[in-house]
Structures are given as C-alpha cells and as structure tokens.
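Position in the sequence shown counted from 1, then plus 7, gives you the working numbering. In what follows, a structure is listed as structure tokens, so that the remarks can point back to it.
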Amino acid sequence: MLLAREFVDYISRQTIRKLSPQWLETTDLQVAADFMASIIEEDLAIEDQLNDEVRDLLSQYSDYMRKEGVSYQEMFRRIKNTLITQRKVIRAAGRDSGDQMKLSRDKINDLSHKVVAAIRKSRDFRLKRDPNDVRLELVKIITELLLTEDKVDRAARTKIRTQKREISEGTEEWDLLHRRYYAEELKKLGIDLDSR
8 MLLAREFVDY
18 ISRQTIRKLS
28 PQWLETTDLQ
38 VAADFMASII
48 EEDLAIEDQL
58 NDEVRDLLSQ
68 YSDYMRKEGV
78 SYQEMFRRIK
88 NTLITQRKVI
98 RAAGRDSGDQ
108 MKLSRDKIND
118 LSHKVVAAIR
128 KSRDFRLKRD
138 PNDVRLELVK
148 IITELLLTED
158 KVDRAARTKI
168 RTQKREISEG
178 TEEWDLLHRR
188 YYAEELKKLG
198 IDLDSR
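Here is the structure:
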C-alpha cells in the first residue's frame, strides 16, 4: 500500500482528534479513527489491486517484451494509465501526477468526500457543521500530516544513501533500513505510530 497501515491509523487518529468536538461528535474516538482508517485503506487498496493486475498481464508477455526490447517499466506505466482511465480510478500516488506528497491532491479530495459521506450515513457520528466545511477541514488536516510524512520519508532515504556502501531501493535490506529510519524520524517529531 502507498501509505503504511500504521501511518493510515495515525492519520485517522489525528484527524478524528482534531475534528472532535468542534466539527463532529462521536461517542468513541478510537472507533471513529478505526472507521476512517478502514475507508482510507479500502480505497488505497484499489490501486494496489490494479498494480497486481498489471503485473499479471505483463508476466504473460515477458518473452515478447524481451524479444522486442520493450522496457518493463514503460509497459507497466502505459498499461496502468490505460486501466486507470478506463475504470475512472483516481490515481493515489501523488508523485506520479506531479504532486510532491505520496497522495495526490485529487486522491485526498476524493477520500475526503468518501469519509464525509460515510460519516453522514453512520449512526455513530453527528456532523456539527456543514458537510462541505467538514470535508475541507479534513483535506487541510490530511495534507498537513502528509507533508510531515514526506519530510520523514526524505530524511529516511537520505540516511540510506549515506551508508558506506550503496543499497539498492527495492531490496529487502533497503526496505528494512527504510522502515527503521522512518520510525526513528517519526519519533524525533514526537510521533509514535504504535501509540493509541
């Protein structure tokens, strides 16, 4: 998933904490945060499923691509773009669409609409302001949290690049180091992903 589940949980907890009680009422903040996290995770999983589908398609044509000298990355990008257009999926990855954050502005707006719609349908919440005002506040809060996440991610990547030997992104070692440095950088900012 584009965002770690722990960070989605953190975003959800912080968002609900900042929205309550001025913007919405709920009887249990943790239940509300879990509710929001499930909406975000479900939506982000759509692009993960799309990526898996593209990989499956490309695996069927690996011999052809090798014979023709076609780049795997280029074909992946083309097929994914075609499927995104056909299925009217809003691209989650901000960096793919020119945004600096992990989630695109369009995806943040889309998520805000889905979260507010789900809140309005649920009996566990009561909006205290106009739904669109709540949605705009949601966008603002999520954007601020993602800007923090972006700084943390860049710091973790910088630490990996400063190792004595080069560690290639995508390797198991790189992933382990990134997770470790990412958690360290978050803790420097007072963010403990495990705390509830």
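Virtual Cβ for every residue (Gly too), placed ideally from N, Cα, C.
For A212 and A100, I'd like the C-alpha separation in whole angstroms.
Any question about residue 212 goes unanswered here, given that the chain covers just 8 to 203.
Candidates T22, I86, D182 and E49, of which the one nearest R62 by Cα:
I86
In the DSSP assignment, find the unbroken beta strand (DSSP E) run with L134 in it and report its ends.
F132 to L134
If we ignore side chains and look at the alpha-carbon of each, how far apart do Q37 and T22 end up?
11 Å
Could you compute how far the alpha carbon of L152 sits from the alpha carbon of D160?
12 Å
Quick check: the Cα distance between S69 and A52, rounded to an integer number of angstroms?
25 Å
Can you list, in chain order, the residues of its chain with a C-beta nearer than 6 Å to that of R203? Leave out the 5 residues immediately preceding and following it.
With a pLDDT of only 47 at R203, under the threshold of 50, the placement of this residue in the model should not be trusted; the figure read from the coordinates follows. For R203, where only same-chain residues beyond five positions count, there are no Cβ hits under 6 Å.
Closest to T150 by C-alpha separation, out of P138, T89 and S111, would be which residue?
S111
So what's A100 in DSSP terms, helix, strand or just coil?
strand
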